[in-house]
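Asks: The structure that follows is given in the form of structure tokens.
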Amino acid sequence: MKILVPIAQVPDTTAKISFTDNNTKFNATGVQFIINPYDEWYALVRALELKEAGLAEKVSVIHVGLADADATIRKALALGADDSFRIDTDPADAYVVAQQLAQFIKNNPYELILMGKETISYNSGVAAGILAGLLDYPYIANASKLDINGNTAVAHQDIEGGYQVVECALPVVISANKGMAEQRIPNMKGIMAARTKPLQVIPAYPVNITTKYEQFELAPGRSACKFIDPNNVEELVHLLHTEAKVI
Amino acid sequence: MSVLVFADASNNGKVKKASFEATYFASQIAQQTGGKCVVLSLKADDDSKQKLAHAGAQKIINITNDIPAISDVSVAAKILLKYTQTEGIKDVVLPNDIQGKAVASYLAGLLNTGIAPAVTSLVSINGSTYVFKRNVFSGKAYAQISISSDKKVITLLPNSLQIQWNTQNIAEIKDITENDNYTPRVIVKSVEKTTTGGNIPLPEAEIVVSGGRGLKGPENWGIIEDLAKALGAATACSRPVADAHWRPHHEHVGQTGIAIRPNLYIAIGISGAIQHLAGVSGSKTIVVINTDKEAPFFKAADYGIVGDAFEVVPKLTEAIKKFKASQQ
Ligand SMILES: Cc1cc2nc3c(=O)[nH]c(=O)nc-3n(C[C@H](O)[C@H](O)[C@H](O)COP(=O)(O)OP(=O)(O)OC[C@H]3O[C@@H](n4cnc5c(N)ncnc54)[C@H](O)[C@@H]3O)c2cc1C
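Protein chains in written order, with the working numbering: chain A, 1 to 247; chain B, 1001 to 1328.
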């Protein structure tokens, strides 16, 4: 079995968010980029664990994006992925990414496509589902545990208030939630090895582009906090009722 | 053009709040595009069907039989696809909850069309270009996103709008049985519930009581649950609390957990790290209870109490109970 892990690149969680070009573009100046945590900590690490357990022959990572992401892809290789691909185009939205991935997978079949449940930048959480729909593969969303049993994926799928144990024959698209694996730190050997692992750049496939970010605006800050005496919690209840009107 | 909403009530016949919101939102789109708001519901009871009409549905197609295969997202999406064809639908609206997001995205793939995910409001409709507002960068910014595909799939973030109920509205209701044979590929073997508190799904909850590492251990969560119960709230937690398995991980809110925007968020023993704030800053009102007056969370709060949770929270619970009793 071969596993494909699509990875997104996102601003570091502590990055200062700002916009340029009249608030129509994210300002990447001085921003540190990382692999989207859901893709890295859960999807990629679990894929590597499955390979280490002898359940997968190969783990490939793929990124839809421009050359500035190559360092991010190398990090995935340093963590242990065998090879990597970059589809050379702007990842304008989840639909664009999914269409590119679907074309790639039609030409290069993988039995398991394992990706994070959402990016922490655009928070769409739909790329995996669109991809599964385009390929008409079965889709397990929000898996917090994943095992492979012969030709079958066995997963815990998170639902409201709990999880369900599900099974599905391969091939399948799975989106990874917290809990599937634990974050790893690349070691020196991995970082050295990553330098010579394959990173193949693939020209973009023709796709539909249907959405556009027209305008950004920063969320407004809150006005100053009103402090209430810990011995007068009734005051808080009163304010929540009469001023905030939330109870 | 007509707009289709999917409302799954197969659990107990009750349509969820997030689906009423989606219906109301779809009715606004339908109004502006001169179409109809059609709801495809699954096992909705009479009360829910009436409420769907009051939320704006003009036609309700209610599937009355069990379709076990529908727990497979791809089956749910295929059933929806069928009704988009038979009802002449251009736009589909689903709530952006766990199930809605999965079904909507799969449907967008089947239709090979664009999707506007997790929108919070409609900005404008101009021909076949719709502009929506949505949160990006984990609540640190808002964006206007335009979508111009011929067919559109839209998911609405729960708790984003106030439904204007119209009790005069009457819908055409069709109870049907869905007899097509669907075989699930993803098979559910068992369902495990891990919620200990009430039954309010976190993303839909209007009030959320949340605990952090300041509570010292899972054995101390009684005070959080008591307060949540008094308020009719859902419970949540910070990431290290879920990481340490003090609480189930689906309670983890923040940038790498779930993002919520309740009317009231009460943070107890949580420092207010940037990644935590990212998931809760959309809340309308934030109350912070923390022993450390320098805790960064106070900068993001509307009301703060500097004090020990173990003393303050039980007192607050009592005060809430008294207030609730006085309201009756
Ligand atoms: C990439 C990345 C992603 C992350 N994602 C998330 C995320 O999604 N969600 C998240 O929550 N965190 C996330 N974190 C972790 C985050 O940085 C913080 O470490 C975490 O939020 C801290 O949790 P806490 O506030 O419960 O604990 P602490 O920071 O330890 O704070 C405990 C607080 O409790 C107070 N306290 C102590 N005793 C009492 C008492 N008796 N009564 C009242 N108050 C008391 C203390 O003053 C302190 O402010 C992420 C970190 C990284 C690097």
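For every residue, glycine included, the Cβ atom is placed at its ideal position computed from N, Cα and C.
Note that the coordinates shown come from a computational prediction; the quantities given were computed from them, not determined experimentally.
#1: For Gly256/A, count neighbouring Cβ atoms within 10 angstroms of its own Cβ and tell me buried if that reaches 16, exposed if not.
#2: With a cut-off of 8 Å on the beta carbons, I'd call Asn1065/B and Glu1178/B a contact; round off their distance for me.
#3: Is Thr242/A near ligand 1, with its Cβ less than 7 Å from a heavy atom?
#4: In the structure shown, what three-state DSSP assignment does His1252/B receive?
#5: Between the C-alpha atoms of Phe1323/B and Asp1150/B, what's the straight-line distance to the nearest angstrom?
#6: What residues from the region 1206-1240 of chain B come within 9 Å of chain A, judged by C-beta to C-beta, listed N to C?
#7: Tell whether a beta-carbon distance below 8 Å holds between Ser124/A and Pro1117/B.
#8: Expressed to the nearest angstrom, what Euclidean distance is found between the alpha-carbon atoms of Ala8/A and Ile1089/B?
#9: Can you find the residues in the same chain that come closer than 8 Å, C-beta to C-beta, to Ile202/A, ignoring five residues on each side of it along the sequence?
#10: Would you say Ala1309/B and Leu1215/B are within 8 Å of each other, going by their C-beta atoms?
#11: Name, in chain order, the residues that DSSP records as bridge partners for Arg86/A.
#12: Quick check on the burial criterion: 16 or more other C-beta atoms within 10 angstroms. Buried or exposed for Ser1326/B?
#13: Thinking C-beta only, is Ala1057/B closer than 8 Å to Thr1023/B?
#14: Among Thr1291/B, Thr1317/B, Gly1282/B, Lys1189/B, whose alpha-carbon lies nearest the alpha-carbon of Leu1161/B?
#15: Only counting the same chain, and skipping five residues up and downstream in sequence, which positions put a Cβ closer than 7 Å to that of Gly1307/B?
#16: Would you say Leu1227/B and Val1253/B are within 8 Å of each other, going by their C-beta atoms?
#17: Short check: CB of Val1119/B to CB of Leu1080/B, under 8 Å?
#18: Return the residue from the list Asp147/A, Gly80/A, Ala76/A that minimises the CA-CA distance to Ile34/A.
#19: Please confirm whether Asn142/A has its beta-carbon closer than 8 Å to some beta-carbon of chain B.
#20: Whose C-beta lies closer than 6 Å to the C-beta of Ile1200/B among residues of the same chain, with five residues either side of it excluded?
#21: If you measure between the beta carbons of Ala153/A and Val172/A, is that distance less than 8 Å?
#22: Does the distance between the C-beta of Thr13/A and the nearest non-hydrogen atom of ligand 1 fall short of 7 Å?
#23: What do you get for Ser1138/B, buried or exposed, if any count of 16 or more other CB atoms within 10 angstroms of its CB means buried?
#24: Taking Pro11/A as part of the alpha helix (DSSP H), name the residues at either end of that continuous run.
#25: Closer than 7 Å by beta-carbon distance: list the chain A residues that pair up with Gln1255/B, in chain order.
#26: Do three or more CB pairs link the region 183-194 of chain A to the region 31-45 of chain A at distances below 8 Å?
#27: Taking 8 Å as the threshold, find out whether the region 1018-1037 of chain B comes into contact with the region 1084-1104 of chain B through three or more Cβ pairs.
#28: Hey, does Leu1110/B have any beta-carbon neighbour from chain A nearer than 8 Å?
#29: Quick one: give me the first and last residue of the beta strand (DSSP E) that Met115/A is part of.
#30: DSSP state of Val126/A, grouped into three classes?
#31: When DSSP labels each residue in this structure, what does Ile1067/B get in the three-state scheme?
#32: I'd like to check one pair, Tyr1303/B with Ile17/A: are the Cβ atoms closer than 8 Å?
#33: Spell out the partners DSSP gives Phe1006/B in its beta bridges.
#34: Give the DSSP-derived three-state secondary structure of Phe1137/B in the structure shown.
#35: Please output, in chain order, the residues near ligand 1 using a CB cut-off of less than 5 Å to any non-hydrogen atom of the ligand.
#36: For Leu101/A, is the classification buried or exposed, using 16 other Cβ atoms within 10 angstroms of its Cβ as the cut-off for buried?
Replies: Concretely, from the data shown:
#1: Residue 256/A lies beyond the residue range present for chain A, which begins at 1 and ends at 247; the question has no answer from this structure.
#2: Counting from one through the second sequence, the residue named residue 1065/B turns up at place 65. Counting from one through the second sequence, the residue named residue 1178/B turns up at place 178. With a Cβ gap of about 6 Å, Asn1065/B and Glu1178/B count as contacting.
#3: In the first sequence, the residue the question calls residue 242/A occupies position 242. Thr242/A Cβ: outside cutoff for every heavy atom of ligand 1.
#4: One-based indexing of the second sequence puts residue 1252/B at position 252. In the three-state reduction of the DSSP assignment, His1252/B falls in the strand class.
#5: The residue given as residue 1323/B occupies position 323 in the second sequence. The residue given as residue 1150/B occupies position 150 in the second sequence. Rounded to the nearest whole angstrom, the CA to CA distance from Phe1323/B to Asp1150/B is 52 Å.
#6: Within the region 1206-1240 of chain B, the residues whose Cβ lies closer than 9 Å to some Cβ of chain A are Glu1206, Ile1207, Leu1231, Arg1239, listed in chain order.
#7: As a working mapping, residue 124/A is identified with position 124 in the first sequence. As a working mapping, residue 1117/B is identified with position 117 in the second sequence. Yes, the pair counts as a contact, with Cβ atoms nearer than the cut-off.
#8: On the first sequence, residue 8/A is found 8 positions in, with the first residue counted as 1. On the second sequence, residue 1089/B is found 89 positions in, with the first residue counted as 1. In a straight line, the C-alpha of Ala8/A is about 33 Å away from that of Ile1089/B.
#9: Looking up residue 202/A in the first sequence gives position 202. Taken in chain order, the residues that qualify are Phe85, Arg86, Ile87, Asp88, Phe104.
#10: Translated into the one-based positions of the second sequence, residue 1309/B becomes position 309. Translated into the one-based positions of the second sequence, residue 1215/B becomes position 215. Yes, they are a contact pair.
#11: Reading the first sequence from its first residue, position 86 is the one you call residue 86/A. Paired residues: His63/A, Val201/A.
#12: Sequence index remark: in the second sequence, residue 1326/B carries index 326 (1-based). Counting Cβ neighbours within 10 Å, Ser1326/B comes out exposed, since fewer than 16 surround it.
#13: Here residue 1023/B refers to the residue found at position 23 when the second sequence is read from its first residue. Here residue 1057/B refers to the residue found at position 57 when the second sequence is read from its first residue. In this structure, Thr1023/B sits near Ala1057/B, with a CB-CB distance shorter than 8 Å.
#14: The residue given as residue 1161/B occupies position 161 in the second sequence. Shortest Cα-Cα distance from Leu1161/B to any of Thr1291/B, Thr1317/B, Gly1282/B, Lys1189/B involves Gly1282/B.
#15: As a working mapping, residue 1307/B is identified with position 307 in the second sequence. Within the same chain, Ile1289, Thr1291 come within 7 Å of Gly1307/B by CB-CB distance, once the 5 residues on both sides are set aside.
#16: Stepping through the second sequence from its first residue, residue 1227/B is reached at position 227. Stepping through the second sequence from its first residue, residue 1253/B is reached at position 253. Going by beta carbons, Leu1227/B and Val1253/B fall outside the 8 Å limit.
#17: To locate residue 1119/B, count along the second sequence from 1; it is residue 119. To locate residue 1080/B, count along the second sequence from 1; it is residue 80. Not in contact: Val1119/B and Leu1080/B (Cβ atoms no closer than 8 Å).
#18: Here residue 34/A refers to the residue found at position 34 when the first sequence is read from its first residue. When Asp147/A, Gly80/A, Ala76/A are compared, the shortest CA-CA separation from Ile34/A is found for Ala76/A.
#19: Residue 142/A sits at position 142 when you count from the first residue of the first sequence. For Asn142/A, the answer is yes, since a Cβ of chain B falls inside 8 Å of its Cβ.
#20: Locating residue 1200/B in the second sequence gives position 200, counting from the first residue. Ala1234.
#21: Indexing the first sequence from 1 puts residue 153/A at position 153. Indexing the first sequence from 1 puts residue 172/A at position 172. In this structure, Ala153/A sits near Val172/A, with a CB-CB distance shorter than 8 Å.
#22: In the first sequence, counting from the first residue as 1, residue 13/A sits at position 13. Flag set: Cβ of Thr13/A near ligand 1.
#23: By 1-based counting over the second sequence, the position of residue 1138/B is 138. It is buried - the Cβ of Ser1138/B has at least 16 other Cβ atoms within 10 Å.
#24: On the first sequence, position 11 is the one that residue 11/A refers to. Per DSSP, Pro11/A lies in no alpha helix (DSSP H); the unbroken beta strand (DSSP E) holding it starts and ends at 9-11.
#25: Position 255 of the second sequence holds residue 1255/B. For the C-beta of Gln1255/B, the chain A residues within less than 7 Å are, from N- to C-terminus, Thr13, Ile120.
#26: By the Cβ criterion, the region 183-194 of chain A is in contact with the region 31-45 of chain A, since at least three pairs of Cβ atoms, one from each stretch, lie closer than 8 Å.
#27: Here the region 1018-1037 of chain B lies against the region 1084-1104 of chain B, with 3 or more beta-carbon pairs under 8 Å apart.
#28: Counting from 1 along the second sequence, the entry for residue 1110/B is found at position 110. Cβ-Cβ to chain A under 8 Å: yes for Leu1110/B.
#29: What you label residue 115/A is simply residue 115 of the first sequence in a count that begins at 1. 112-116 is the span of the beta strand (DSSP E), which, as asked, contains Met115/A.
#30: Here residue 126/A refers to the residue found at position 126 when the first sequence is read from its first residue. Shown here, Val126/A sits in coil according to DSSP, grouped into three states, outside any helix or strand.
#31: Counting from 1 along the second sequence, the entry for residue 1067/B is found at position 67. It is coil, neither helix nor strand.
#32: Along the first sequence, one-based indexing puts residue 17/A at 17. Along the second sequence, one-based indexing puts residue 1303/B at 303. By the CB criterion at 8 Å, Ile17/A and Tyr1303/B fall outside the cutoff.
#33: Residue numbering aside, residue 1006/B sits at position 6 when the second sequence is read from its first letter. In DSSP, Phe1006/B forms a bridge with Leu1040/B.
#34: Residue numbering aside, residue 1137/B sits at position 137 when the second sequence is read from its first letter. Phe1137/B falls in the coil class under three-state DSSP.
#35: The set of residues with CB atoms less than 5 Å from any heavy atom of ligand 1 reads, in chain order, Thr13/A, Gly1212/B, Arg1213/B, Gly1214/B, Ser1238/B, Arg1239/B, Pro1240/B, Gly1254/B, Gln1255/B, Thr1256/B, Gly1257/B, Gly1269/B, Ile1270/B, Ser1271/B, Ala1273/B, Gln1275/B, His1276/B, Asn1290/B, Thr1291/B, Asp1292/B, Ala1295/B, Asp1308/B, Ala1309/B.
#36: Position 101 of the first sequence, counting from 1, holds the residue named residue 101/A. Buried.
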